[in-house]
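Participant: What follows is a single structure, and I will ask about it in a moment.
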Amino acid sequence: MTLRGSAGLPRRTFLTASAGLAAAGLLGGCGSSTTTASGATRVRVWSWLTGMDKYAAAFNAAHPDISVELNVIASGLKGGYAQQTNALRAHNAPDILHAEYQGLPQLLTTGGLRDLTTDLADLERGYSPAAWQGVRPGGRTWAVPMDLAPMVLYYRKDLFDRHGIAVPRTWDEFRTAAQAVRKADPAARVTTFPLNDGSFFAGMCWQAGDPWWRVDGGTWRVNVDGEGTRRTADYWQGMIRDGLVATAPTGDQDWIGAMHQGRLWGLLGASWSVGTLNKSIPQDKGRWAVTTMPTWDGVPANGVQGGSAFAVSAESKVPEAAVKFLRWLSTDAAVAKIGTTFTTPFPGYLPSRDVARKAYKGGFFVGAPVYDVLDEAARRVPDWTWGPNALRIFSTVVDRMGGAKTGGTTLAAAVRQTQADTVAGLRERGLTVLEGKA
Amino acid sequence: MTVLTPERATSTPAPAGRAGAPVRGRRGRSRAGLVLAAPFAILLTVTVLVPVLYALYLSLFTDRLSGLGFSGPRQAFIALGNYADVLTDSAFHASLVNVALFVLIHIPIMLGMALGLALLIDSAVVRLKRLWSLSVFLPYAVPTVITGLIWVYLYTPNSGLAGLLPFDPLGKSGILPSIVNIATWQWVGYNMIIFYTALQAVPRDVLEAARADGAGGIRTAWSIKVPMIRPTMFVALVFTVIGSLQLFTEPLVLRGFTGSVTSTWSPSLYVYEAAFIAGDYGRAAAASVLLALVSALLSALVMRLSARRSR
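Just so you know, the sequences run in chain order A and B.
Residue 206 in numbering that gives the first Met the number 0 is what sits at position 207 of the first sequence, and the numbering runs on without skipping anything.
Residue 42 in numbering that gives the first Met the number 0 is what sits at position 43 of the second sequence, and the numbering runs on without skipping anything.
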C-alpha cells in the first residue's frame with residue numbers, strides 16, 4: 000500500500016539516510032581496525048569538496064603507509080552538516096570532517112573535534128590571515144584551512160566601456176553605475192542581490208566592519224544589527240526599492256539565462272565564481288573583468304563568502320595520520336597542481352596559491368589578472384568571527400528578508416529581527432550572550 | 000488497501016469462506032501464528048515502535064551548552080519544556096496555518112477533480128479510457144523532487160508559465176497556490192484511479208435499474224455512483240489529510256528558489272529545521288510527536304464522520 004508520496008518520499012529519503020548512517024556506523028564499529036589489509040593506517044574522510052577523490056588518490060599513491068578512504072557526503076546545509084553532527088553525537092564520526100569556516104563553530108558545539116593547536120602551531124605564517132583566523136574561533140586551532148573565498152566584483156567590461164560607465168570604487172559610485180546600466184538598457188541590471196542566500200548577505204555585511212559575533216572574555220557577543228550591517232541593509236534596500244538591482248538567486252536557470260542575454264552586467268561573487276562564470280557562460284570569454292569590491296568611504300575592505308577547512312574528530316584513533324594528510328592537503332604544491340586541472344583554486348596557503356597562479360591559463364577575463372585582484376581582496380579582509388549558530392542564522396535571515404522585495408518588510412527590519420533571533424537561539428542553548436558592539 | 004478492491008465491495012458474505020477452514024490444535028495454531036507474525040512484529044518494533052519511543056524520550060531533554068559551547072553539550076531533563084516551546088513558537092503556529100490553508104484549498108480541488116475525472120472515464124462518454132487514465136496518472140510516477148524542480152522552472156520569471164499569470168507564483172502571496180498546484184497535479188491521477196476502481200465495482204444491475212427508471216448520466220453519477228463509493232472517498236480523504244499534514248518536499252524544493260518559503264513553512268519543515276539546521280533534537284522530537292498526535296486525531300475524526308455518514 001502506498002501512502003501519499005509527499006509523505007512517502009521524505010520518509011524514504013530519511014530511511015535511506017538513516018540506513019546510510021547505520022551502515023557507516025557498522026563499518027566504524029566492526030571494521031574499526033585502523034589498518035588496511037596491506038598494513039597501511041586507515042584514515043576515513045567525509046567531504047563534499049570537488050576533487051577530493053583526486054587529492055586522496057594522489058596522497059595514497061605517495062604515502063603507502065596511510066590509506067585515506069573518502070566518503071563523499073551531501074554539501075553543507077544540503078545534509079552534510081546534519082550527517083556529520085549526527086555522527087559526532089553517535090560517536091561514530093570519521094577521522095576527518097568537512098567544516099567550512101562559517102560552519103566550524105556550530106560543528107564545535109558537538110564537543111567532538113580535536114584541538115589541533117599544537118599539531119599545526121608551525122603553519123601559522125604560511126596562510127592568509129583571514130584563513131588562519133577562520134580556523135581559530137575562541138583562540139584555539141580547530142581545523143586546517145583549505146581555500147579562501149574573498150568577495151570581488153565581476154563586471155561586463157565590454158558593456159561598461161561601450162556605455163562609458165566607470166568601474167565603481169565606492170558604493171556611491173556603484174549606485175551611479177547601476178543607474179547608468181539601467182538607462183543604457185532598461186531590461187538590464189548591474190547585478191542581482193540574491194535575497195535567498197544568508198551566506199552571501201553575511202559576506203556583504205562582513206565588509207562593513209561590524210562582525211556579527213565576537214568572543215568577549217569567555218562568552219559570545221552578538222551584533223547582527225550593528226552599524227555596519229544596518230548601513231549595508233539600508234543601502235541595498237534603497238537599490239531594491241529603486242529597481243536598480245535584481246533580487247533573484249545567483250546560479251539558477253533564470254540567472255544563467257539573464258547572463259546569456261546580457262541582462263546582468265555584473266556579479267557580486269567570491270573567488271569560486273571564476274568557475275561558475277567559466278561553466279555558465281563560456282562564450283562570454285573576453286568580455287568580463289574582475290575588480291575588488293566597492294568600498295564604504297574608500298576604506299579598503301572585502302567580505303568573504305564560503306571557504307572550506309577540515310577538522311579531526313576528537314575520537315579518531317589515528318589523529319597523527321589524519322593530521323599528516325591534512326597538512327599535505329592544505330600545503331603541498333601537488334594539491335594546487337591537481338586542483339588547477341579541473342577548477343581555479345584559491346588556496347589559503349600562500350605558497351600553494353603561487354602554484355595555482357602559475358598554472359592558471361587565463362583567457363576568460365580581460366583587464367587585471369584575476370589572481371592579483373583576488374590576492375588584493377584577500378589582504379583586505381577585516382576581522383570577523385562566525386558564531387555557534389551561524390548556519391541557522393543564514394536561514395533565519397533569509398526567512399526574515401523574504402518580504403523585502405514586495406515591500407512587506409525592509410532589510411533593516413529583517414536585520415533587527417535576526418539579531419533578536421540569534422540572541423534568543425543562543426540563550427535557549429544555555430549560553431550567556433552579550434549584545435551590541437564591545 | 001482491501002477496502003478499495005472490487006471483490007470486497009461486491010461480495011457480501013465475506014467472512015463465510017474463512018469460517019470453513021479446518022481447525023487445528025490450539026497450541027500448534029498459536030505457534031504457527033507466532034512464527035507467521037514474527038517478521039511483521041520484529042520489523043514493526045525495530046522500525047516503528049523503537050524510534051517512536053526514542054523520539055518520546057528525546058522530546059523530554061534538551062542540550063545545554065556552557066562558555067563558548069565548544070566543550071560540547073550536556074543533556075538536561077526538562078520534562079515538557081520542549082512541548083511548551085513548540086506550542087508557544089509563532090513559527091510553529093505559522094506553519095500550522097500554512098498547512099491548514101493548504102488542506103482547505105488542496106483537498107476539495109484535488110479530490111473533486113479526481114472524482115470528476117473518474118466519473119467521466121467510468122461513463123460511456125469517454126473514448127480511449129486507458130490512454131486518458133494513464134496520462135492523468137502519469138504525474139504520480141514522477142518523484143516529488145523532480146516534480147518540484149519542473150514546476151519551479153515553469154514558475155521562474157521570464158521562463159514558461161510565470162509570464163502568463165497575473166501574480167508572481169514565487170512571491171509571498173503566490174506561493175501557496177503554487178504549492179497547491181504542484182500537489183494537485185501530482186495527486187489527481189492517483190486518487191482518480193482509486194475512485195475509478197471503486198466505480199468499476201458498482202453493481203451493473205443497479206445502474207441498469209436506474210437507467211430503466213429514467214435517470215440520465217449525471218443523475219446516475221450523482222445519486223447512485225457517488226453514494227456507493229463513499230467509503231472509498233473517505234479513505235482517500237483520510238490519506239490525503241495525513242499526507243498534507245506532512246507536506247515537506249514541495250516547499251523544500253521551492254525554498255531553494257524563493258525566499259517566500261520560510262525555513263519553517265510547514266510543520267515538517269519546522270521539524271527538519273529544528274533537528275538539522277538548529278541542531279535542537281529535543282524540540283524537533285517534541286514537534287514531531289505533536290504532529291503525529293494531530294494526524295491521529297484528525298484521522299480518527301474523519302473516520303468517525305465517515306462511519307456516521309454511511310450508517
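For every residue, glycine included, the Cβ atom is placed at its ideal position computed from N, Cα and C.
Taking C-beta pairs closer than 9 angstroms, name the residues in chain B that A:L48 reaches, listed in chain order.
Facilitator: Indexing the first sequence from 1 puts residue 48 of chain A at position 49. What A:L48 touches in chain B: nothing, since even the nearest Cβ is about 21 angstroms away.
Participant: Is the CB of A:P299 under 8 angstroms away from at least one CB in chain B?
Facilitator: Position 300 of the first sequence, counted from the start, is the residue given in the question as residue 299 of chain A. Not closer than 8 angstroms to any Cβ of chain B, the Cβ of A:P299 fails to qualify, so no.
Participant: Output, in chain order, the set of chain A residues within a Cβ distance shorter than 9 angstroms of B:S262.
Facilitator: Position 263 of the second sequence, counted from the start, is the residue given in the question as residue 262 of chain B. The answer, in chain order, is R391, S394, T395, V397, D398.
Participant: Using CA atoms only, rank isn't needed, just tell me which of A:L349, A:M150, A:R428 is closest to B:R73.
Facilitator: Within the second sequence, the letter at position 74 stands for residue 73 of chain B. The shortest Cα separation from B:R73 among A:L349, A:M150, A:R428 belongs to A:R428.
Participant: Would you identify the three-state DSSP class for B:S298, choosing helix, strand or coil?
Facilitator: As a first step, residue 298 of chain B is located in the second sequence; it is residue number 299 there, counting from the start. Here B:S298 sits in helix by DSSP.
Participant: Could you tell me the alpha carbon to alpha carbon distance between B:L292 and B:H92, rounded to whole angstroms?
Facilitator: Within the second sequence, numbered from 1, the residue matching residue 292 of chain B stands at position 293. Within the second sequence, numbered from 1, the residue matching residue 92 of chain B stands at position 93. Taking the straight line from one Cα to the other gives about 16 angstroms.
Participant: If you measure from the beta carbon of A:L430 to each beta carbon in chain B, is any gap under 8 angstroms?
Facilitator: Here residue 430 of chain A refers to the residue found at position 431 when the first sequence is read from its first residue. Interface residue, yes.
Participant: For B:S65, return the contacting residues in chain A, with the cut-off set at a CB-CB distance below 8 angstroms.
Facilitator: One-based indexing of the second sequence puts residue 65 of chain B at position 66. Residues of chain A passing the Cβ test: G429, L430.
Participant: Cα separation between A:T34 and A:R41?
Facilitator: As a position in the first sequence, residue 34 of chain A is number 35, starting the count at 1. As a position in the first sequence, residue 41 of chain A is number 42, starting the count at 1. Distance between the alpha carbons of A:T34 and A:R41 is about 5 angstroms.
Participant: Can you check whether the C-beta of A:A333 is within less than 8 angstroms of a C-beta belonging to chain B?
Facilitator: By one-based count along the first sequence, residue 333 of chain A stands at place 334. Not one chain B Cβ lies under 8 angstroms of A:A333.
Participant: How long is the line joining the alpha carbons of A:A335 and A:A358, rounded to whole angstroms?
Facilitator: In the first sequence, the residue the question calls residue 335 of chain A occupies position 336. In the first sequence, the residue the question calls residue 358 of chain A occupies position 359. Rounded to the nearest angstrom, the two C-alpha atoms are 9 angstroms apart.
Participant: What first and last residue would you give for the alpha helix (DSSP H) that runs through B:F76?
Facilitator: For the purposes of this step, residue 76 of chain B is taken as residue 77 along the second sequence, with counting starting at 1. Segment 73-76 is the beta strand (DSSP E) holding B:F76; no alpha helix (DSSP H) there.
Participant: Could I get the ranges of all uninterrupted alpha helix (DSSP H) runs contained in the stretch 80-148 of chain B, with 4 residues as the minimum, in chain order?
Facilitator: For the stretch 80-148 of chain B, whole alpha helix (DSSP H) runs of length 4 or above, ordered along the chain, are 80-86, 89-121, 128-140.
Participant: Does DSSP classify A:E434 as helix, strand or coil?
Facilitator: Position 435 of the first sequence, counted from the start, is the residue given in the question as residue 434 of chain A. DSSP places A:E434 in strand when its eight states are reduced to three.
Participant: In this structure, how does DSSP classify A:A6 when only helix, strand and coil are distinguished?
Facilitator: Indexing the first sequence from 1 puts residue 6 of chain A at position 7. Summary for A:A6: the model assigns pLDDT 39, below 50, so the residue's position carries little reliability; its value from the coordinates is reported in the next sentence. If DSSP states are grouped into helix, strand and coil, A:A6 belongs with the helices.
Participant: Alpha carbon to alpha carbon, how far is A:V422 from A:V221?
Facilitator: In the first sequence, the residue the question calls residue 422 of chain A occupies position 423. In the first sequence, the residue the question calls residue 221 of chain A occupies position 222. Each residue's alpha carbon lies about 7 angstroms from the other.
Participant: Does DSSP put A:Y359 in a helix, a strand or coil?
Facilitator: As a position in the first sequence, residue 359 of chain A is number 360, starting the count at 1. Looking at A:Y359 - three-state DSSP - the assignment turns out to be coil, as it is neither helix nor strand.
Participant: Kindly provide the ranges of any alpha helix (DSSP H) runs that are 4 or more residues long and lie completely inside the stretch 196-281 of chain B, ordered along the chain.
Facilitator: List check, alpha helix (DSSP H) in window: 203-211, 216-219, 229-244, 248-254, 266-271.
Participant: In whole angstroms, what is the alpha-carbon distance linking B:L300 and B:G188?
Facilitator: As a working note, residue 300 of chain B is residue 301 in the second sequence. As a working note, residue 188 of chain B is residue 189 in the second sequence. Computed Cα separation, rounded: 26 angstroms.
Participant: Hey, would you say A:L263 sits closer than 8 angstroms to A:A245, going by beta carbons?
Facilitator: Along the first sequence, one-based indexing puts residue 263 of chain A at 264. Along the first sequence, one-based indexing puts residue 245 of chain A at 246. Yes, Cβ-Cβ distance for A:L263 and A:A245 is below 8 angstroms.
Participant: Could you have a look at A:S279 and say whether DSSP puts it in helix, strand or coil?
Facilitator: Residue 279 of chain A sits at position 280 when you count from the first residue of the first sequence. Note: A:S279 maps to helix in three-state DSSP.
Participant: Could you please tell me which residues of the stretch 61-90 of chain B, in chain order, have their CB closer than 7 angstroms to any CB of chain A?
Facilitator: Of all residues in the stretch 61-90 of chain B, D62, R63, L64, S65, G66, L67, G68, F69, S70, G71, P72 have a Cβ within less than 7 angstroms of some Cβ in chain A.
Participant: With distances taken between CB atoms, is the gap from B:V252 to B:V151 smaller than 8 angstroms?
Facilitator: Taking the first residue of the second sequence as 1, we reach residue 252 of chain B at position 253. Taking the first residue of the second sequence as 1, we reach residue 151 of chain B at position 152. Yes. Within cutoff.
Participant: Which chain B residues sit within Cβ distance under 7 angstroms of A:G305?
Facilitator: Here residue 305 of chain A refers to the residue found at position 306 of the first sequence. Going along chain B, no residue has its Cβ under 7 angstroms from A:G305, so there is no contact; the nearest lies around 17 angstroms.
Participant: Checking contacts by CB at 8 angstroms: is A:L147 closer than that to chain B?
Facilitator: The residue labelled residue 147 of chain A in the question sits at position 148 within the first sequence. Not closer than 8 angstroms to any Cβ of chain B, the Cβ of A:L147 fails to qualify, so no.
Participant: Is it buried or exposed for A:T330, if we count other Cβ within 10 angstroms and need 16 for buried?
Facilitator: One-based indexing of the first sequence puts residue 330 of chain A at position 331. So A:T330 counts as buried.
Participant: On the criterion of 16 or more Cβ atoms from any shown chain inside 10 Å, does A:G406 qualify as buried, or is it exposed?
Facilitator: Here residue 406 of chain A corresponds to residue number 407 of the first sequence, with the count starting at 1. Its Cβ having fewer than 16 others within 10 Å, A:G406 is exposed.
Participant: What does DSSP give as the partner residues of A:F364 in its beta bridges?
Facilitator: In the first sequence, residue 364 of chain A corresponds to position 365, counting from 1. Paired residue(s): A:W287.
Participant: On the criterion of 16 or more Cβ atoms from any shown chain inside 10 Å, does A:R426 qualify as buried, or is it exposed?
Facilitator: In the first sequence, counting from the first residue as 1, residue 426 of chain A sits at position 427. With fewer than 16 Cβ atoms within 10 Å of its Cβ, A:R426 is classed as exposed.
Participant: With three or more beta-carbon pairs closer than 8 angstroms as the criterion, would you say the stretch 176-190 of chain A touches the stretch 315-325 of chain A?
Facilitator: No, they do not touch.
Participant: In the stretch 204-221 of chain A, which residues sit with their C-beta less than 9 angstroms from some C-beta in chain B, listed in chain order?
Facilitator: Cβ contacts with chain B: V214, G217, T218, W219.
Participant: Count the C-beta pairs between the stretch 282-290 of chain B and the stretch 225-232 of chain A that are closer than 8 angstroms, then say yes if the count reaches three, no if not.
Facilitator: No: the two stretches stay apart, fewer than three of their Cβ pairs being nearer than 8 angstroms.
Participant: Measuring only the C-alpha atoms, how far is B:A40 from A:V151?
Facilitator: Locating residue 40 of chain B in the second sequence gives position 41, where the first residue counts as 1. Locating residue 151 of chain A in the first sequence gives position 152, where the first residue counts as 1. About 60 angstroms.
Participant: What does B:A277 reach in chain A if we use C-beta pairs closer than 8 angstroms?
Facilitator: In the second sequence, residue 277 of chain B corresponds to position 278, counting from 1. What B:A277 touches in chain A: N388, R391, G424.
Participant: Can you tell me which residues form a DSSP beta bridge with A:H97?
Facilitator: For the purposes of this step, residue 97 of chain A is taken as the residue at position 98 of the first sequence. In the DSSP output, where bridge partners are listed per residue, A:H97 has A:F309.
Participant: Taking only the alpha-carbon atoms, compute the straight-line gap between A:P350 and A:D371 and give it to the nearest angstrom.
Facilitator: Position 351 of the first sequence, counted from the start, is the residue given in the question as residue 350 of chain A. Position 372 of the first sequence, counted from the start, is the residue given in the question as residue 371 of chain A. Rounded to whole angstroms, A:P350 to A:D371 spans 14 angstroms at the Cα level.
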